[in-house]
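Undergrad: The structure is given below, and queries will be raised subsequently.
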Amino acid sequence: MLQTLKASEPTQLTQDGCQTKHPSSSFSANIILIYLLGSGNLAFAGNHPLLNEADFLADIPVVSVASRLKQNLHNTPASVTVLDRATISASGAQTLPDLLRLVPGFQVFHVNANKLGASYHGMNDEFPNQLEVMVNGRSVYLPLLSTVIWTSLGLHPDDIERVEVVRGSNAATYGSNAFMGAVNFITRHPATEARFSASGTLGSKQTQNGHLRYSGESQGAFYRISASHESNAGSTRFNDSAQRQFLSADLSFAPSLYDTLNLHVGMDQGYTHLGYLYPYHRFPDNQHYISRSDYRANYQQINWSHLLTPDTTLHISAYRNALVLNESRPTVEDILTYYLPEGLQTQAMADSLQQLNPEFRGYREHGKTHVLDTEVALETHSHNLSSFTGLGLRRDAASSPVLLQQIDIRDQRYRLFHSSEFQLTTKTLANLGVIHEVQSGGSKATSTRAAVSRQLSDDTSIRIGYSHSERLASILERQGNYRIELPPDQFHYIDRPNTELEPERIQSWEVGLLHSLTPLNGYIDLRIFHERISDAIVNVKQADEAGMRMNRGYWRNQGLEAQLKLQPNDSFWLIFNYSYLDNQAGHWHQGHQPDEFTHFPGGQLAPKHTLSALLNWQLTNDVNLSSTYYFMDEVRWRGSYGTLAQQEHYQRLDLKLTRQWRTASQKIELSAIVQNALHGSYQSFYQDNEFDPRAFLQFRLTMD
39 MLQTLKASEP TQLTQDGCQT KHPSSSFSAN IILIYLLGSG NLAFAGNHPL
89 LNEADFLADI PVVSVASRLK QNLHNTPASV TVLDRATISA SGAQTLPDLL
139 RLVPGFQVFH VNANKLGASY HGMNDEFPNQ LEVMVNGRSV YLPLLSTVIW
189 TSLGLHPDDI ERVEVVRGSN AATYGSNAFM GAVNFITRHP ATEARFSASG
239 TLGSKQTQNG HLRYSGESQG AFYRISASHE SNAGSTRFND SAQRQFLSAD
289 LSFAPSLYDT LNLHVGMDQG YTHLGYLYPY HRFPDNQHYI SRSDYRANYQ
339 QINWSHLLTP DTTLHISAYR NALVLNESRP TVEDILTYYL PEGLQTQAMA
389 DSLQQLNPEF RGYREHGKTH VLDTEVALET HSHNLSSFTG LGLRRDAASS
439 PVLLQQIDIR DQRYRLFHSS EFQLTTKTLA NLGVIHEVQS GGSKATSTRA
489 AVSRQLSDDT SIRIGYSHSE RLASILERQG NYRIELPPDQ FHYIDRPNTE
539 LEPERIQSWE VGLLHSLTPL NGYIDLRIFH ERISDAIVNV KQADEAGMRM
589 NRGYWRNQGL EAQLKLQPND SFWLIFNYSY LDNQAGHWHQ GHQPDEFTHF
639 PGGQLAPKHT LSALLNWQLT NDVNLSSTYY FMDEVRWRGS YGTLAQQEHY
689 QRLDLKLTRQ WRTASQKIEL SAIVQNALHG SYQSFYQDNE FDPRAFLQFR
739 LTMD
């Protein structure tokens with residue numbers, strides 16, 4: 039279901055079926071009260087003129103991802119999808135990106151068995167880089183590869199309370215990374231959880247997953263510790279197995295009635311495999327080079343909020359992300375088979391190439407990076423005006439002998455941002471947002487957004503919005519620099535840097551309609567949009583065959599998105615999502631040589647139709663059945679140059695059956711999960727990569 043706090047349930051902290059823990063002291067009770075008030079949901083809803091009883095009866099969510107202000111969906115400046123704990127559980131999703139299949143306009147794909155990608159409105163290669171992904175507001179965007187590595191986040195689906203997704207550019211709130219949209223995974227508050235939870239999953243691909251979670255309270259501080267181990271054998275054709283172990287800890291503390299402090303730390307390490315799973319022109323027929331990529335990641339985050347006055351709150355936050363990627367070095371046999379052109383395939387040449395290039399890696403996902411980010415902001419509320427204003431500093435550092443050539447490259451970005459909500463009349467609300475970013479070297483980007491919402495009736499509101507957003511180039515895009523030394527004393531350049539890149543730009547218009555279906559405890563959300571993207575950063579082949587990123591890409595998106603949520607009775611609820619996307623890409627030049635890479639083909643590249651639906655039945659008090667259906671139209675993904683072979687449309691049906699046994703202090707769950715239950719294998723991203731039917735058995739023990 040799509041979640042909110044209902045006015046009739048002011049003390050309920052969770053809606054996942056687990057009972058809220060009852061602290062043993064009055065001080066602990068005060069801490070929970072501060073947590074509730076600090077979240078702002080109840081206090082904000084209570085004095086907001088555009089909220090009414092119908093909103094609570096229809097379970098309209100309150101979110102903060104759109105503007106940083108806590109807003110009912112009737113009042114947000116952009117369309118927002120919320121996936122709550124019940125939806126996450128019912129979906130049977132085994133990975134974080136799989137959850138985004140339940141968001142209109144999103145595309146989720148497997149690059150191989152264990153490497154995933156997610157994008158909004160398509161038009162991406164295997165490294166989507168125009169979507170901001172956050173965990174508790176902490177960006178996990180990786181400057182070294184200019185994307186998100188989903189397997190390194192140290193986050194288990196069971197630890198997530200809700201997911202808030204902005205559909206459309208949110209750069210005016212979060213800056214360049216949110217060029218096309220923003221996703222925030224919000225973890226469960228330790229005060230809302232059972233004391234102990236253990237789960238295990240066995241199934242297809244030799245999957246063996248285990249997850250432990252312990253929560254407690256000490257002297258008013260609530261904490262949680264989570265540990266996981268995951269492994270699978272990947273596909274039998276490519277042997278692209280994966281294994282990871284991750285550990286996280288969360289602490290929430292309110293030392294006074296005016297202060298709240300939240301700490302999040304974690305680490306994630308393991309390995310995956312990389313490879314081009316299509317007939318790559320340099321590889322022998324029906325052969326694929328697969329390399330192993332080991333990684334180590336860790337993060338630390340602190341958020342402090344201090345109530346200065348009843349209407350003003352000071353927010354200070356800081357976080358650090360660190361990641362080391364170590365792709366395996368190809369053997370001499372690998373070089374001989376996959377990387378030497380015809381006429382040069384000799385043992386001596388392979389030996390020489392390896393000796394001259396000791397850091398050579400087949401797919402170049404090799405190096406290390408760390409991010410430091412600090413932010414200070416003021417949140418204010420009055421009768422007719424609410425605002426969130428602040429400034430921040432982000433420091434990125436990256437090094438890679440195969441991506442950047444240099445030992446260490448550093449980048450700083452300063453940002454100044456403001457979001458405000460104006461009550462123009464009793465039924466009309468305006469939202470304004472702006473952010474200004476300054477990057478090392480002098481590059482600047484300014485993103486703005488304006489939206490007006492009108493309450494047509496107690497159940498219906500309409501929104502008209504416009505945004506102009508800019509995205510600064512990443513370290514990899516500006517500084518990508520790689521060459522291979524060839525005997526005798528020759529260099530073959532693969533990538534050259536371009537520090538003169540301009541920001542990417544998008545202009546977006548939208549009309550949104552939200553109607554509360556109070557009798558059915560639900561709502562319908564419609565969005566009509568028109569987007570124009572220009573100066574997109576794409577690869578262009580130079581005269582010496584080296585690639586350089588340049589501002590040559592452009593395309594247009596327009597269409598319709600719809601999401602429907604209904605809960606007609608206590609035992610049944612459903613979610614339905616649909617997106618129609620008319621995408622037209624330009625025909626830009628990608629090189630100086632008369633070959634197939636010279637002209638980008640353009641046309642409709644993103645899937646025209648995507649659909650997802652989740653139905654959940656509580657058959658008895660102890661038995662639950664959920665069914666999830668996905669459809670994605672044909673699509674042509676971008677490659678480094680040109681496009682990949684067309685991926686045909688697919689449909690997929692997932693099923694989950696759960697049986698529960700309960701006692702006064704514990705709950706046991708046994709679930710059977712089947713993915714792609716009724717349809718054969720379908721292509722996912724690369725031409726030779728297929729997603730086949732698979733099944734899992736999941737056991738979970740919860741103890742208070």
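Going by this note's numbering, the letters in the sequence shown line up with residues 39 to 742, in that order.
By construction, the Cβ of each residue, glycine as well, lies at the ideal position given by its N, Cα and C atoms.
Mapping the DSSP letters down to three states, classify Y377 as helix, strand or coil.
TA: Note: Y377 maps to helix in three-state DSSP.
Undergrad: Distance, Cα to Cα, Q339 vs F291?
TA: If you take the alpha carbons of Q339 and F291, they lie about 14 Å apart.
Undergrad: Please classify A229: does DSSP put it in a helix, a strand, or coil?
TA: Note: A229 maps to helix in three-state DSSP.
Undergrad: Under the three-state reduction of DSSP, which class applies to K153: helix, strand or coil?
TA: K153 falls in the coil class under three-state DSSP.
Undergrad: For K482, does the count of other Cβ atoms within 10 angstroms reach 16, so buried, or fall short, so exposed?
TA: Exposed.
Undergrad: Just the C-alpha distance for S105 and H353, rounded to the nearest angstrom, thanks.
TA: Approximately 15 Å, taken between the alpha carbons.
Undergrad: Distance check for R565 and Q596, CA to CA, integer angstroms please.
TA: So the alpha carbons of these two residues sit roughly 11 Å apart.
Undergrad: Return the Cβ separation of Y667 and S650 in integer angstroms, given the expectation that the two are a contact with Cβ distance under 8 Å.
TA: Rounded, the Cβ-Cβ distance is 7 Å, consistent with contact.
Undergrad: Let me confirm a value: R587 is counted as buried when at least 16 other C-beta atoms fall within 10 Å, else exposed. Which label applies?
TA: Buried: at least 16 other Cβ atoms inside 10 Å.
Undergrad: Using the three-state DSSP reduction, which class does P541 fall into: helix, strand or coil?
TA: In the structure shown, P541 sits in coil (DSSP, three-state: anything other than H, G, I, E or B).
Undergrad: Scan the stretch 274 to 315 and note each continuous beta strand (DSSP E) run of 3 residues or more that stays entirely inside, going in chain order.
TA: As far as the stretch 274 to 315 is concerned, its whole beta strand (DSSP E) runs of at least 3 residues are 280 to 294, 297 to 312.
Undergrad: Just to check, is the beta-carbon of S184 closer than 7 Å to a non-hydrogen atom of the ligand ATP?
TA: With respect to small molecules bound, the structure shown includes none, and the ligand ATP cannot be examined in it.
Undergrad: Of all the options N727, T701, L735, which has the alpha carbon lying nearest to the alpha carbon of D760?
TA: What is shown of the chain runs 39 to 742, which leaves residue 760 out entirely.
Undergrad: Only counting the same chain, and skipping five residues up and downstream in sequence, which positions put a Cβ closer than 7 Å to that of S499?
TA: If we look at S499 and ignore the five residues flanking it on each side, its Cβ neighbours are H112, S491, R492, Q493, L552.
Undergrad: Going by C-alpha distance, which of H302, N519, V178, E540 is nearest S438?
TA: Considering only alpha carbons, the answer is N519.
Undergrad: CB-CB under 7 Å to L539, same chain, minus the five flanking residues each way: which ones, in chain order?
TA: These residues qualify, in order along the chain: A511, E515, R516, I575, R587, N589.
Undergrad: Taking the alpha-carbon of T119 as reference, which of A128, V103, L183 has the nearest alpha-carbon?
TA: Among A128, V103, L183, the Cα nearest to that of T119 is on V103.
Undergrad: Just to confirm my understanding: we take M172, look at its own chain, exclude 5 residues before and 5 after, and list those with CB closer than 6 Å. What are they?
TA: Same-chain partners within the cutoff: N222.
Undergrad: Count the other C-beta atoms from every protein chain shown that fall within 10 angstroms of the C-beta of V661, then say buried if there are 16 or more, exposed otherwise.
TA: Exposed: under 16 other Cβ atoms inside 10 Å.
Undergrad: Whole angstroms are fine: how far does the CA of L558 sit from the CA of V334?
TA: Correcting the residue identity first, residue 334 is Arg in this sequence and not Val. Cα to Cα, the separation comes out at about 47 Å.
Undergrad: From F544 to K603, what distance separates their C-alpha atoms?
TA: Note on residue identity: the sequence assigns Ile, not Phe, to residue 544. Rounded to whole angstroms, I544 to K603 spans 30 Å at the Cα level.
Undergrad: For the alpha helix (DSSP H) containing S127, name the first residue and the last one.
TA: Run containing S127: 123 to 129, per the alpha helix (DSSP H) assignment.
Undergrad: Spatial neighbours of P645 within its chain, please: C-beta separation below 8 Å, excluding the five flanking residues on both sides.
TA: Cβ neighbours of P645 beyond the five flanking positions: Q145, G160, L619, M670, D671, E672, V673, H687.
Undergrad: Quick one: Cα of A356 to Cα of L299, how far?
TA: If I take the Cα positions, the gap works out to 12 Å.
Undergrad: Rounded to whole angstroms, what's the CA-CA distance from V362 to V149? Just pull it up for me.
TA: Taking the straight line joining both Cα atoms gives about 21 Å.
Undergrad: So, for Y720: in the same chain, excluding its five sequence neighbours on each side, which residues have a beta-carbon less than 6 Å away from its beta-carbon?
TA: Closer than 6 Å at the Cβ level, and outside the excluded window around Y720, lie Y688, F729.
Undergrad: Less than 8 Å between the beta carbons of A584 and Y531, yes or no?
TA: For A584 and Y531, yes; Cβs fall inside 8 Å.
Undergrad: In terms of residues, what are the limits of the beta strand (DSSP E) holding Q698?
TA: Counting along the chain, the beta strand (DSSP E) containing Q698 begins and ends at 688 to 700.
Undergrad: Taking the DSSP output, what are the residues bridged to Q145?
TA: DSSP output for Q145 lists S157 as bridge partner(s).
Undergrad: For K243, which of helix, strand or coil comes out of DSSP?
TA: In the structure shown, K243 sits in a helix (DSSP, three-state: H, G or I).
Undergrad: Exposed or buried, what is F610 when buried is set at 16 or more other beta-carbons lying within 10 Å of its beta-carbon?
TA: Under this definition F610 is an exposed residue.
Undergrad: Label W699 either buried or exposed according to how many other C-beta atoms from any shown protein chain fall within 10 Å of its C-beta, with 16 as the threshold for buried.
TA: Exposed, because fewer than 16 other Cβ atoms sit within 10 Å of the Cβ of W699.
Undergrad: For I522, which residues of its own chain have a beta-carbon under 6 Å away from its beta-carbon, when the five flanking residues on both sides are left out?
TA: Cβ neighbours of I522 beyond the five flanking positions: N395, H530.
Undergrad: Can you round the beta-carbon distance between F460 and V472 to whole angstroms, since I take them to be within the 8 Å contact cut?
TA: The Cβ separation is near 14 Å, so there is no contact.
Undergrad: In angstroms, rounded to a whole number, what distance separates the CA positions of V414 and S664?
TA: The alpha-carbon atoms of V414 and S664 are separated by roughly 43 Å.
Undergrad: Comparing alpha-carbon positions, which option in G480, N364, R451 lies nearest Y212?
TA: Checking every option, the nearest Cα to that of Y212 belongs to R451.
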